[in-house]
Amino acid sequence: MDYVYGPGRNHLFVPGPVNIPDQVIRAMNRNNEDYRSPAVPALTKILLEDVKKIFKTTSGTPFLIPTTGTGAWESALTNTLSPGDRIVSFLIGQFSLLWIDQQQRLNFKVDVVESEWGQGANLDVLASKIAADKAHTIKAICIVHNETATGVTNDLAAVRKILDHYQHPALFLVDGVSSICALDFRMDEWGIDVALTGSQKALSLPTGMGIVCASHKALEATKTAKSVRVFFDWNDYLKFYKLGTYWPYTPSIQLLYGLRAALDLIFEEGLDNVIARHGRLAKATRLAVEAWGLKNCTQKEEWFSDTVTAVVVPPYIDSSEIVRRAWKRYNLSLGLGLNKVAGKVFRIGHLGNLNELQLMGCLAGVEMVLKDVGYPVKLGSGVAAASAYLQNTIPLIPSRI
Ligand code: PLP
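Taking the UniProt record's numbering, the leading residue of the sequence shown gets 1, the next gets one more, and so forth.
As structure tokens, then:
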């Protein structure tokens, strides 16, 4: 029973939690199981191997933790660092702000490198800090790959280049919550030490699983890291990996089967095709925004996100009213503007198991809401721009060729 019924499907276009495909819902519709039976460890063993593919790592060690992105952050930090350690962290939007808050509350000494919201991480400042740090006092660089609040994607390869150029040993910790499985992400190639995501984003699962992957260097760092950790201690997991039973505590059986089904769908489509699809959906969205005469919150093309577009509204419109009305009138869920950009932007999430025609429904809905709130939009303009682009670019569905 819905709490607040609306006919037809809800058009879920917040940038997480996202739509769960029917195949995944069906795979999760099952009884609990004894996780100490041979079945769950067998399932887990293959999942741990397969999940590495979404990080593009062969040497990383993954952990499937019953938590959210916030817990995955904490696991990355407490397993590798000690209180008082100096870290460099980039503040570019609400989620990087929340991670920095966590870093400070865990008593790390954080050099906050702030950019205007809508801009990417200031890597010139990083380069000068790294160049000046001859004594290697900086223990880690923390960066959100894709800032979900503003639709900004940071250049991770450029961060690695800076660290390598100065032969700096800082750990490279990356929040890939709204990027992994949707954007180009290469843990091994970019020398990332800890990468993490949450199940409710591009994997298109329910919330509740934090997926964290650690490099050899990160695992080595656990030996000297003095941060207090209990629930998130990777060594508890590793102990049970060795025993072949895999779980230090009770896993969510349903989420494990859901993850199996989600990975099967991604591999069936092909991870690179999934990433290309996100590129098309994002480009179509940006073309629609342009056709409406509105601005993208992201200030430069190099930072454009392929998973979320934050749209700036004119000052005489409150963007929260757009979000409210979209849900009330059109059964369309859009993302609110958060914190500094509250009331100023609304967000279209275009990530996860989603196709082009679903997006067209969302764009048609946004046009109607814009008109509702008094913005002089030409109905059909964004849809026309998006469909002209998509009609020329959508490939045949790989499994139907
Ligand atoms: N990091 C990013 C980039 C996010 O977008 C979010 C949530 O939207 C989080 C971290 C926090 O994740 P969670 O809400 O699952 O704890």
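We treat Cβ as the ideally placed atom computed from N, Cα and C, and that holds for glycine.
Remember, predicted model here, so these are calculated numbers, not experimental data.
It is roughly 26 Å from the alpha-carbon of Cys142 to the alpha-carbon of Asn296. The C-alpha of Lys328 is placed about 46 Å away from the C-alpha of Arg36.
Exclusion of Leu238 from the 8 Å shell around the ligand PLP follows from its C-beta lying no nearer than that to any non-hydrogen atom of the ligand. Rounded to whole angstroms, the separation of the alpha carbons of His216 and Cys362 is 43 Å. A distance of 9 Å or more separates the beta carbons of Pro21 and Gly349. Short of 8 Å from the beta carbon of Leu171, and not among the five residues preceding or following it, lie these beta carbons of its own chain, in chain order: Thr80, Leu81, Lys139, Ala140, Ile141, Asp193, Val194, Lys217, Ala218, Ala221.
In this structure, Thr148 lies away from Arg280, with their beta-carbon atoms at least 9 Å apart.
In the three-state reduction of the DSSP assignment, Thr393 falls in the helix class. Checking the 8 Å criterion, the Cβ of Phe95 is within range of a heavy atom belonging to the ligand PLP. The secondary-structure analysis by DSSP pairs Arg86 across a beta bridge with Lys109, Ile138.
Between the ligand PLP and the CB of Leu48, the shortest heavy atom gap is not smaller than 8 Å.
Taking 9 Å as the cut-off, the beta carbon of Pro38 is found no closer than this to the beta carbon of Tyr249. Taking C-beta atoms as the reference points, Gly210 and Gly120 fail to come closer than 9 Å. In terms of CA proximity to Leu196, Thr61 leads the group Ala225, Thr44, Thr61. Within the model, the alpha-carbon separation for Glu356 versus Tyr389 is close to 11 Å. The beta carbon of Arg186 lies closer than 7 Å to those of Lys56 in the same chain, with the five residues before and after it left out. Annotated as distal: Gly84 and Phe232, with beta-carbon spacing of 9 Å or more.
As far as DSSP is concerned, Thr298 takes part in no beta bridge. With respect to the 9 Å criterion, Thr150 and Gly198 are not classified as neighbours on the basis of their beta carbons. Here the alpha carbons of Arg277 and Thr307 stand approximately 10 Å from one another. Here the C-alpha atom of Val174 lies approximately 19 Å from the C-alpha atom of Arg105.
Per DSSP, reduced to three states, the secondary structure at Ser199 is coil, with no helix or strand assignment. Leu163 carries a helical assignment under DSSP once its states are collapsed to helix, strand and coil. Inclusion of Val377 and Ile322 in the CB contact set at 9 Å is not warranted, their separation being larger than that value. Residue pairing from DSSP leaves Asn32 without any beta-bridge partner.
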